[in-house]
Amino acid sequence: MKYQEFYNKSIQYPEQFWSEQAKQLDWFDTPNNILSKDKYNYDQWFEDGKLNLSYLCIDKHINDGYGNQNAVIYDSPVTNVKQHITFNQLHHEVSKLAGGLQSLGLQKGDTCIIYMPMIPQALYAMLACARIGVIHSVVFGGFAPHELAIRIDDCKPKAIITASNGIEIERIIPYKPFVDQAIDKAKNKPEHVIVFDRELGVEIPKKNYDVDYATLVEKSPSIEAISIESTHPSYILYTSGTTGTPKGIIRDTGGYATALKFSMKYIYGLDEGDVFWAASDVGWVVGHSYIVYGPLLNRNTTILFEGKPIRTPDASTFWRVISEHQVKVMFTAPTAIRAIKKEDPDGELLKQFDLSCLKYQFLAGERCDVATLNWTEEKLNVPVIDHWWQTESGWPMIANMVGVALQDVKPGSASFPVCGYDIQILNEEGEEVEDSVEGYVAVKLPLPPGTLSNLWGNPERFKSGYLDRFPGYYFSGDGGYKDEDGYVFITGRVDDIINVAGHRLSTAEMEEIVASHESVAECAVFGVHCDIKGQKPLGLVVLKFGEASEENQIQKEIVQDVRHEIGAVASFRDVLIVNRLPKTRSGKILRKLLRNIADEQQYNIPSTIDDVKIIDEIKIVYQTHKIGIHK
Numbered sequence: 001m002k003y004q005e006f007y008n009k010s011i012q013y014p015e016q017f018w019s020e021q022a023k024q025l026d027w028f029d030t031p032n033n034i035l036s037k038d039k040y041n042y043d044q045w046f047e048d049g050k051l052n053l054s055y056l057c058i059d060k061h062i063n064d065g066y067g068n069q070n071a072v073i074y075d076s077p078v079t080n081v082k083q084h085i086t087f088n089q090l091h092h093e094v095s096k097l098a099g100g101l102q103s104l105g106l107q108k109g110d111t112c113i114i115y116m117p118m119i120p121q122a123l124y125a126m127l128a129c130a131r132i133g134v135i136h137s138v139v140f141g142g143f144a145p146h147e148l149a150i151r152i153d154d155c156k157p158k159a160i161i162t163a164s165n166g167i168e169i170e171r172i173i174p175y176k177p178f179v180d181q182a183i184d185k186a187k188n189k190p191e192h193v194i195v196f197d198r199e200l201g202v203e204i205p206k207k208n209y210d211v212d213y214a215t216l217v218e219k220s221p222s223i224e225a226i227s228i229e230s231t232h233p234s235y236i237l238y239t240s241g242t243t244g245t246p247k248g249i250i251r252d253t254g255g256y257a258t259a260l261k262f263s264m265k266y267i268y269g270l271d272e273g274d275v276f277w278a279a280s281d282v283g284w285v286v287g288h289s290y291i292v293y294g295p296l297l298n299r300n301t302t303i304l305f306e307g308k309p310i311r312t313p314d315a316s317t318f319w320r321v322i323s324e325h326q327v328k329v330m331f332t333a334p335t336a337i338r339a340i341k342k343e344d345p346d347g348e349l350l351k352q353f354d355l356s357c358l359k360y361q362f363l364a365g366e367r368c369d370v371a372t373l374n375w376t377e378e379k380l381n382v383p384v385i386d387h388w389w390q391t392e393s394g395w396p397m398i399a400n401m402v403g404v405a406l407q408d409v410k411p412g413s414a415s416f417p418v419c420g421y422d423i424q425i426l427n428e429e430g431e432e433v434e435d436s437v438e439g440y441v442a443v444k445l446p447l448p449p450g451t452l453s454n455l456w457g458n459p460e461r462f463k464s465g466y467l468d469r470f471p472g473y474y475f476s477g478d479g480g481y482k483d484e485d486g487y488v489f490i491t492g493r494v495d496d497i498i499n500v501a502g503h504r505l506s507t508a509e510m511e512e513i514v515a516s517h518e519s520v521a522e523c524a525v526f527g528v529h530c531d532i533k534g535q536k537p538l539g540l541v542v543l544k545f546g547e548a549s550e551e552n553q554i555q556k557e558i559v560q561d562v563r564h565e566i567g568a569v570a571s572f573r574d575v576l577i578v579n580r581l582p583k584t585r586s587g588k589i590l591r592k593l594l595r596n597i598a599d600e601q602q603y604n605i606p607s608t609i610d611d612v613k614i615i616d617e618i619k620i621v622y623q624t625h626k627i628g629i630h631k
């Protein structure tokens, strides 16, 4: 099959193309109305179809005779636990938890927050919600109580499912205490908190709303999967917004299942029964699509990994997991590879493992630099595929579709648009630009199945954030260009969202926290280059008069404030004290200029700057603190 023919068909005849792909699923009611409009005049897929994600991920394979195949391999180097979970065992755990949720009064259309470490119960919780039509919202365990409280107030869950604790290198993450703090902060109070005790000797604070997970599952009946409309929300997943308020991306059910099934075969090149590993977290979109739903839909064995690329116990961990569990295709963020490369630059630790099972290594979550791509290719001796997508899309938008035909790799490019995505590069006026000219990355409507269907409780923000900028297009928020061969290059965000180790975070939100410190007169927070994480936040602070003597203490307090409000995930460690910030005469802080100076990139000083001498002052501060990629 030729990529271009296949792709063109998806753009020219989208209804016919996706109708064919939908036939790969076991629907309860087969859809006839393939593409229609919702009440907001936005496209939706398979409106009259009915199905169930949990059924497709579990029951179908048991019915087909694969109940004893491994569905999940849980590998936790931080606890020295490995567990092989068959589809039969998965069915037992999920269907009984679904029964437990039902007994607590949760029903189709209710919401439930899942705040869990990377343990099997996190998957059980997601699939149990899907089984009875409860809309789940998984919140990344690295987020602090404040961030969790914001999400509680936005989606108003009837219940929260959590664990006693998480485990990281040399520290315990107190999940249950964080949940209690978040509920104290939140205006909306969930009725139940279902707590899975990991039995690691960690004390669990008891509250009246607590329900013991193990007892609930043990006493509850096994529940069959209910029939759910294709357009019913499967989950809400929050992503950083430029206002500092998270946006709740809504994912449908039927379009999502269709897209994921398609992607496993045609993007990742997997056959049913193969082992697939996405080294991410269930709190992120990669975890939803490619730890849980995508692999299980396609009857792939999925790896659930509780650990880090390094120090669990060393930089050989990824290679050990691939070799031991016979992983055919692996997917991680470039930051993980950079961390491994830093610890083991010559790949010596890799040589002790037989990696002949590995066919493709995929990278995504942030821009992949050429050096990382080349190093990975050289050490693994397999095609290394950089691909690009977003929380909003739910599955890849630009990729080398290896299941169709492997194309030549161009370092720096994620290759070509995926079927269904009519990606165009537009100028300010919404017109297509010429080859190699940078512009705004947009997708001509309709988007393919599986992409966001709206924002939770905020259709106006959905419209203004994604659709109004270029009428007839979805605006990705990224800049980029296409070369003369049609390869797409993504150059980065055009707003204040930065990408720290694959995690999208708002610098506006961080800046708000920094500005709230009593000693801060004004500040700027922006992303700068980081060799390991891709980007990291940097804060420049102007102190109020008379506060200079306490500089070190103030810096420490500011860092602690951001960690407390957002969490360790922000990687906010660098605060520099400056006498003033460069501004335009109208008072706008020149953050892009500050970033370019820090990254040692070429920059133009705008003619509107209020005082050009400040640039030299900033340079001296940067040099003193060794800010800059070459230092």
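In full-length UniProt numbering, the protein residues as written are 1 to 631.
All C-beta atoms in this analysis are idealised placements derived from N, C-alpha and C, irrespective of residue type, glycine included.
Pair within 7 Å by beta-carbon distance, residue i and residue j
i	j	result
Asn374	Ile385	no
Asn188	Lys156	yes
Ala98	Arg131	yes
Leu349	Ala315	yes
Tyr42	Glu93	no
Asp496	Gly477	no
Gln326	Val275	yes
Leu538	Asp561	no
Ser289	Gly49	no
Ala333	Gly141	no
Val443	Gly283	no
Reduced DSSP secondary structure (H/G/I, E/B, other) of residue i
i	result
Ala399	strand
Asp478	strand
Pro411	coil
Ser137	strand
Lys379	helix
Thr79	coil
Met330	strand
Ser263	helix
Pro459	helix
Ile204	coil
Ile236	strand
Gly517	Position check: residue 517 holds His in this sequence, whereas Gly was assumed. Correct three-state label for His517: coil.
Leu148	helix
Ser289	helix
Cys419	coil
Ala225	coil
Ser230	coil
Gln623	helix
Phe196	strand
residue 636	Residue 636 lies beyond the range of the chain shown here (1 to 631); nothing can be said about it.
Pairwise C-alpha distance: residue j and residue i
i	j	result
Asp531	Gly254	40 Å
Asn427	Ser393	22 Å
Ile629	Ala598	Confidence at Ile629 is low in this model, with a pLDDT of 38, below 50, so its placement is unreliable and no value can be given for it.
Asp38	Asp153	26 Å
Gly347	Leu380	9 Å
Ser415	Gly534	20 Å
Glu452	Val612	Here residue 452 is Leu; the residue named in the question, Glu, does not match the sequence. Approximately 44 Å, taken between the alpha carbons.
Ile589	Glu565	24 Å
Ser76	Lys536	28 Å
Lys308	Ile172	14 Å
Leu260	Ser164	32 Å
Pro295	Asn579	53 Å
Phe143	Cys112	17 Å
Gln555	Leu540	10 Å
Phe489	Tyr473	19 Å
Ile223	Pro145	33 Å
Buried/exposed call for residue i, threshold 16 Cβ in 10 Å
i	result
Tyr293	buried
Gln16	exposed
Thr28	The sequence shown places Phe at residue 28, rather than the Thr named in the question. That one is exposed.
Lys82	exposed
Gln24	exposed
Gln424	buried
Phe545	exposed
Ser227	exposed
Ile267	buried
Cβ-heavy atom distance, residue i to the ligand SAM, below 6 Å
i	result
Glu550	No copy of the ligand SAM occurs in the structure displayed, which carries no ligand at all.
Problem set entry | In chain order, each alpha helix (DSSP H) run of at least 4 residues that lies wholly inside the region 521 to 609 | Runs of the alpha helix (DSSP H) inside the region 521 to 609: 551 to 565 and 591 to 598.
For this session: For the region 4 to 77, list the alpha helix (DSSP H) runs that are entirely contained and at least 4 residues long, ordered along the chain.
Result: For the alpha helix (DSSP H) assignment, the uninterrupted runs of no fewer than 4 residues enclosed by the region 4 to 77 are, from N- to C-terminal side, 14 to 22 and 60 to 63.
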